[in-house]
């Protein structure tokens, strides 16, 4: 934590997923979080959309795009990931 930043940060979001074909899901999330900057009363808000492809029961790859809904959030981010379950 940097000095002069809030320590009591909250995050709220609503997400959903739909399997469009076998092993491929479309996901979406919209949310906001408390700005750690004490000088700002504008809290970052965002929307995320993406795809999750299951290569097997224990291995997924994903791709998404996150867009900022206000000036305190980054304009956009490209997201990728992998998940291994064991």
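In our numbering, the protein residues as written are 118 to 203. Even for Gly, the Cβ is constructed at its ideal location relative to N, Cα and C. The model shown is predicted, which means the values in this text are computed figures rather than measured ones.
Is residue 151 closer than 8 Å to residue 175 when the C-beta atoms are compared? no
Go ahead and pull the three-state DSSP assignment for residue 142. strand
Residue closest to residue 162, alpha-carbon to alpha-carbon, out of 122, 121, 130, 196: 130
Who are the Cβ neighbours of residue 149 in its own chain at under 7 Å, not counting the five residues just before and after it? 129, 160, 161, 162
Residues near residue 190 by beta carbon distance below 7 Å, same chain, minus five either side: 161, 162, 163
Own chain partners of residue 132 with C-beta closer than 6 Å, once the 5 adjacent residues on each side are dropped: 146
Residue interval of the beta strand (DSSP E) (run including residue 195): 193-201
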